[in-house]
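Have a look at the structure below, then the notes.
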Amino acid sequence: MPLGNLESLRYFLPELAITTTILLLIVVHVVGKNRRSPAAALLALVGTGTALLFAWMTPAGEGMGLFEGMVVLDGFAVFFKVLTALATAIVIFMSIDCLELADRTQAEYYVFLLSVLLGMFLLSSATDIVMVYLALELVSIPSYLLAGYLKGKASSTEASMKYVVYGATASGVMIYGFSLLYGMTGSTQISEIGRVLTMGTVPLPALLAAVMVTVGFGYKIAAVPFHMWSPDVYEGAPTPVTAFLSVGPKAAGFAILVRFFYTVFASPGDADGMWKLSSSVDWPFLFAVMSAVTMTVGNLIAINQRNVKRLLAYSSIAHAGYMLMGFVMLSTAGLKAILFYLVVYLFMNLGAFYVVVLVENGSRSEDISHFSGLGRRAPLAAVSMAVFLFALTGIPPFSGFIGKVYLFAEVIHQGVYWLVLVAGINSVISLYYYARILKVMFLEDPTHTGELSVAFVPKVMLAILVVPTLLLGIYWEPVIRIAESSVRILTN
Amino acid sequence: MTGPADVIFYVLAALTVGSAIFVATLPNIIYAAVALLFTFCGVAGLYVLVSADFLAATQVLVYVGGILVLIMFAVFLSNRISSVKLSNPVHFRLPAAAICLTLFGVLAYTAISPAFVLKQEITYQPTTARIGELLMTRYLLPFEVASVLLLAALIGAALLSRPDRPDIPRPDMEEPK
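Those sequence lines, one after another, are chains U and Z.
The opening position of the first sequence corresponds to residue 1 in the numbering used here, with each subsequent residue numbered one higher.
The opening position of the second sequence corresponds to residue 493 in the numbering used here, with each subsequent residue numbered one higher.
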């Protein structure tokens, strides 16, 4: 039985911490004299850190329904809460270091960032479609504002506008799908919807509902063909926001994608660690095709990009494609591989964007030519970037390799060889454009002379991001164990 | 079989769909906004017909009273909005029509398919008290989350619409591409 509203508050400390911080930020903004003082950033950092600690320490147990069954507290939710809070904390550091944002009012920026964080917390634990929809909007609407935060810069405004139009359409289609599910089952609880669908249903409406819901979730993880917004949004948004959108909401999107489809359209199978379809909707095949197309489109278009931010946007589309491979396997091992990959992806992708922010600070541009000779101008940043790019490619001994090994191994284990083949070819393609940045950084002469000075805090942050990227390539046991136990709770 | 309720239903449906067609096809945006008024009212009527009285009232208050007026204001306040040439040219008429018709077929088939849990008869009871009760009990969390969402949206709207403060330097306009 899910807990009532009052009893649930005890287990809701992370979310309460975030909400309190949001309110405090508004007070700071009103009371404070200097709109650009770093107080807001520090406050946001403390709030995020507190939420992270609370999320980490909450006893997850077997999965406990909270607030009359609106959300659930289980290991899976806790995993994603910690992951997204960590991403937010890193992005806050990145935002402090970003010159582009320095001359803007600070408090609102962090209010939006923390609102998205709250949305991501709720999205990864939602078990009722009303809650799913609200959480998704709570992730989306502040994201639109963050993308357009550089008011007066045309590309930022364009990013925001495109994001709104695509986002509104996607969530409109998604909620149509929800209404079909509600009509078919008479319940808004996803476990109940799943139970009723198991008892047999008319195929076409169920398929239609699955496809429509996929539009909403696919838009959040930026999977092809719902990716059209992402290159423009990623290019136009302030770089820390781009980094944030490519990791945080994407992870939360995967969380709800997995929870929703593995509850509504699949149920634990007879064999250990395997799942079976609970209705006649063959969604794994649809998603397998989507996965292959997503990684191919992302990688092929990335080849031609000269703007590094845009290049990383396409690369993050490709990475969503890799992760979708684990999603279609209907096995605990596949889900475990996604969770592990998300951890690895968090460090390497945020790291790469961190270096972009530093280079951008020096040159006010993300064009690849500004990276030339970075190896000499800022050796630490260049070497870190090399580590992140190698990891993104998936070359041993970097962590990206281990992430891919788990994904590929599970696909091979399930005998879906064509998908592995596509993914393999894609990894090779991605090597080309990642290596191009490396070539520009280390082999070309600097077009801009003078050392690119990197302050102390960014140096420490780069080190903090490099260490896990390297370490998880050599010693990944603890993380994979956490991922495994987080997924196992989903089967109960 | 056909009672007065059915007749009312078809009248309302015709009103809704008919005015929606006008919204989509009228070239003048102000006329389209007026047509939208009838669409919203038609939907409100449909809500009444299925005994969703609170929803119908909300529909009128929020959509007709709020959003539509807002759209009108936006239209009136924007310079030259009626003289702007629409920038989305019509290409691929045939494929688009084919896709739309297919989609319509699928949606229509879904709507009449026996997949849905049907209520045998509608009982006309006031729903407002029950909704209020549910908002304070079962749906308390979504209710509270909605308030955070609205807060963020409000702050965002204020941020986007206010002029840049003098103490904050105006950013350079976009660099040429």
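All C-beta atoms, glycine included, are put in the ideal place defined by N, C-alpha and C.
Computed from a predicted model, the values in this text were never measured in an experiment.
Does any C-beta atom of chain U lie closer than 9 Å to the C-beta of residue i?
{"i": "residue 663 (chain Z)", "result": "Bear in mind that a pLDDT of 48 at residue 663 (chain Z), under 50, signals an unreliable position, so the model cannot answer this."}
{"i": "residue 560 (chain Z)", "result": "no"}
{"i": "residue 543 (chain Z)", "result": "no"}
{"i": "residue 512 (chain Z)", "result": "no"}
{"i": "residue 648 (chain Z)", "result": "yes"}
{"i": "residue 535 (chain Z)", "result": "no"}
{"i": "residue 554 (chain Z)", "result": "no"}
{"i": "residue 531 (chain Z)", "result": "no"}
Closer than 9 Å, CB to CB, is residue i near chain Z or not?
{"i": "residue 288 (chain U)", "result": "no"}
{"i": "residue 204 (chain U)", "result": "yes"}
{"i": "residue 119 (chain U)", "result": "yes"}
{"i": "residue 461 (chain U)", "result": "no"}
{"i": "residue 8 (chain U)", "result": "yes"}
{"i": "residue 11 (chain U)", "result": "no"}
{"i": "residue 1 (chain U)", "result": "no"}
{"i": "residue 145 (chain U)", "result": "yes"}
{"i": "residue 127 (chain U)", "result": "no"}
{"i": "residue 111 (chain U)", "result": "yes"}
{"i": "residue 198 (chain U)", "result": "no"}
{"i": "residue 105 (chain U)", "result": "yes"}
{"i": "residue 338 (chain U)", "result": "no"}
{"i": "residue 49 (chain U)", "result": "no"}
Distance, Cα to Cα, residue i vs residue j?
{"i": "residue 82 (chain U)", "j": "residue 50 (chain U)", "result": "11 Å"}
{"i": "residue 342 (chain U)", "j": "residue 440 (chain U)", "result": "28 Å"}
{"i": "residue 394 (chain U)", "j": "residue 238 (chain U)", "result": "27 Å"}
{"i": "residue 467 (chain U)", "j": "residue 620 (chain Z)", "result": "57 Å"}
{"i": "residue 627 (chain Z)", "j": "residue 68 (chain U)", "result": "12 Å"}
{"i": "residue 14 (chain U)", "j": "residue 485 (chain U)", "result": "21 Å"}
{"i": "residue 600 (chain Z)", "j": "residue 256 (chain U)", "result": "29 Å"}
{"i": "residue 314 (chain U)", "j": "residue 542 (chain Z)", "result": "47 Å"}
{"i": "residue 636 (chain Z)", "j": "residue 134 (chain U)", "result": "10 Å"}
{"i": "residue 606 (chain Z)", "j": "residue 465 (chain U)", "result": "54 Å"}
{"i": "residue 622 (chain Z)", "j": "residue 2 (chain U)", "result": "21 Å"}
{"i": "residue 223 (chain U)", "j": "residue 243 (chain U)", "result": "17 Å"}
{"i": "residue 597 (chain Z)", "j": "residue 182 (chain U)", "result": "21 Å"}
{"i": "residue 336 (chain U)", "j": "residue 326 (chain U)", "result": "8 Å"}
{"i": "residue 164 (chain U)", "j": "residue 293 (chain U)", "result": "25 Å"}
{"i": "residue 434 (chain U)", "j": "residue 560 (chain Z)", "result": "50 Å"}
{"i": "residue 146 (chain U)", "j": "residue 565 (chain Z)", "result": "26 Å"}
DSSP three-state label for residue i, please.
{"i": "residue 75 (chain U)", "result": "helix"}
{"i": "residue 275 (chain U)", "result": "strand"}
{"i": "residue 160 (chain U)", "result": "helix"}
{"i": "residue 172 (chain U)", "result": "helix"}
{"i": "residue 40 (chain U)", "result": "helix"}
{"i": "residue 468 (chain U)", "result": "helix"}
{"i": "residue 103 (chain U)", "result": "coil"}
{"i": "residue 4 (chain U)", "result": "coil"}
{"i": "residue 66 (chain U)", "result": "strand"}
{"i": "residue 189 (chain U)", "result": "strand"}
{"i": "residue 126 (chain U)", "result": "strand"}
Residues of chain Z with CB closer than 8 Å to the CB of residue i, please, in chain order.
{"i": "residue 5 (chain U)", "result": "629, 632, 633"}
{"i": "residue 130 (chain U)", "result": "631, 634"}
{"i": "residue 19 (chain U)", "result": "640"}
{"i": "residue 141 (chain U)", "result": "641, 644, 645, 648"}
{"i": "residue 134 (chain U)", "result": "634, 637, 638, 641"}
Below 9 Å on C-beta distance, what does residue i contact in chain Z?
{"i": "residue 242 (chain U)", "result": "Here the premise fails: no neighbours, minimum Cβ distance about 17 Å."}
{"i": "residue 178 (chain U)", "result": "Ordered by position in chain Z, no residue passes the 9 Å Cβ test against residue 178 (chain U), which lies about 13 Å from the chain."}
{"i": "residue 122 (chain U)", "result": "633, 637"}
{"i": "residue 101 (chain U)", "result": "The contacting residues do not exist; residue 101 (chain U) stays about 11 Å from chain Z at best."}
Listing by chain order, which chain U residues have their CB less than 7 Å from the CB of residue i?
{"i": "residue 606 (chain Z)", "result": "202"}
Could you work out which residues of chain Z lie near residue i, taking near to mean beta carbons separated by less than 7 Å?
{"i": "residue 115 (chain U)", "result": "640, 644"}
{"i": "residue 137 (chain U)", "result": "641"}
{"i": "residue 108 (chain U)", "result": "647, 651"}
{"i": "residue 208 (chain U)", "result": "598, 602"}
{"i": "residue 31 (chain U)", "result": "Correct list: empty, because the minimum Cβ distance to chain Z is about 16 Å."}
Taking 8 Å as the cut-off, is the CB of residue i close to at least one heavy atom of the ligand PLP?
{"i": "residue 364 (chain U)", "result": "The model on display carries no ligand, and the ligand PLP is accordingly not part of it."}
Under 8 Å Cβ-Cβ, which residues of chain U neighbour residue i?
{"i": "residue 609 (chain Z)", "result": "183, 184, 185, 186"}
Closer than 9 Å, CB to CB, is residue i near chain C or not?
{"i": "residue 388 (chain U)", "result": "Although the question refers to chain C, the structure presented lacks it and instead comprises the protein chains U and Z."}
Chain U contacts made by the region 593-605 of chain Z, where a contact means CB separation under 8 Å: 598, 599, 601, 602, 605
Residues of the region 65-83 of chain U whose Cβ lies closer than 9 Å to any Cβ of chain Z, in chain order: 66, 67, 68, 69, 70, 71
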